[in-house]
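Shown next, in structure tokens, is the structure this report addresses.
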Amino acid sequence: MPLARGLVLKGFSVPESMTFLLAAPIINPITIVTTHQAFGFDDGILVGRILGGLAIANIVGWLFSLHPQPTSLLTDRFAAQCAAGSHEHRQSRSEKSLDIFMRESSVLMPAVFIGSLIAGAIQVAVPRDVLVSLGSNPLWSILAMMLLAFVISVCSSVDAFFILPFASTFMPGSIVTFLVFGPIIDIKMLAIMRTTFTAKVLVQLSLVVALMSALIGLVINYVA
């Protein structure tokens with residue numbers, strides 16, 4: 261998220277920054293390697309995750325690029341920060357780096373803390389065996405995996421190993437849905453993105469990502 265915010269401050273458009281933000285957790289060497297180590301090329305899980313992540317990031321970016329006023333997608337606070345960026349006094353590279361670090365930390369760290377707290381509380385409250393019992397149904401298994409991904413809020417670099425024990429219970433499409441939906445939309449991520457995007461944007465974003473993730477999972481369930 262700090263990198264995505266930095267892209268906007270540097271002059272990239274909001275939809276371009278959003279595309280980067282959605283693709284980065286999935287389309288990176290660490291996530292690809294760990295997913296391969298967990299699943300190899302079995303059932304198209306690795307390929308489905310890569311192609312699904314690329315498709316979702318680019319389609320969402322394209323959809324929001326159609327907005328007539330992209331800056332209205334941002335919170336008032338961040339929009340004002342972007343507007344003031346070109347009028348800041350000249351700083352050395354080290355001073356500017358420290359200033360950005362302090363400013364971003366003050367905004368993002370409370371969101372990470374609150375999001376982690378909520379995710380942990382819900383994780384304890386929801387019995388995992390209830391989700392496992394839904395694993396054999398093509399549709400319900402996908403919805404269950406989306407709910408699990410949203411609640412657990414696990415890092416994309418280790419989520420493949422987290423979900424690996426469920427591979428024998430849940431259908432391949434539902435596993436791909438977990439691996440695509442979770443890195444983009446979960447409790448912590450929404451809390452962090454709220455520092456930059458309006459609540460309306462997050463609702464729209466969550467709906468589009470959820471529908472596309474479910475569609476990808478259904479296609480894999482019925483084709484694989």
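Here the sequence shown is numbered in the numbering used here, starting from 261 and rising by one per residue. Cβ atoms here follow ideal geometry from the backbone N, Cα and C, with glycine treated the same way. Computed from a prediction, not measured in an experiment: that's the story for all the values here.
Proximity of residue i and residue j at Cβ, strictly below 8 Å
i: L267; j: V461; result: no
i: G321; j: I287; result: no
i: I290; j: S413; result: no
i: D303; j: P432; result: yes
i: M405; j: S428; result: no
i: I452; j: F438; result: no
Rounded separation between residue i and residue j - CA only
i: L471; j: F441; result: 10 Å
i: I444; j: I305; result: 17 Å
i: K448; j: S354; result: 30 Å
i: A340; j: T456; result: 11 Å
i: I319; j: S325; result: 10 Å
i: M278; j: L399; result: 29 Å
i: R337; j: Y482; result: 45 Å
Own chain, CB closer than 8 Å to residue i, minus 5 neighbours either side, in chain order
i: C342; result: V268, L269, T331 and L334
i: L403; result: L394 and A474
i: L478; result: P398, L399, I402 and G433
Beta-ladder partner(s) of residue i, from DSSP
i: F457; result: L334
Close-in-space but distant-in-sequence residues of the same chain around residue i (CB under 6 Å, 5 per side omitted)
i: A420; result: T294, T295 and A298
Contacts around residue i, its chain only, beta-carbon distance under 7 Å, and the 5 residues preceding and following it disregarded
i: G308; result: V436, I476 and I480
i: L282; result: I316, A317, V320 and I444
Please go through the stretch 263–343 and give each complete alpha helix (DSSP H) segment of 4 or more residues, from N-terminal end onward. Segments of the alpha helix (DSSP H) lying fully in the stretch 263–343: 274–283, 289–299 and 305–325.
Could you tell me which uninterrupted alpha helix (DSSP H) segments, each at least 4 residues in length, are contained entirely in the stretch 399–425, listed from first to last along the chain? For the stretch 399–425, whole alpha helix (DSSP H) runs of length 4 or above, ordered along the chain, are 400–412 and 419–423.
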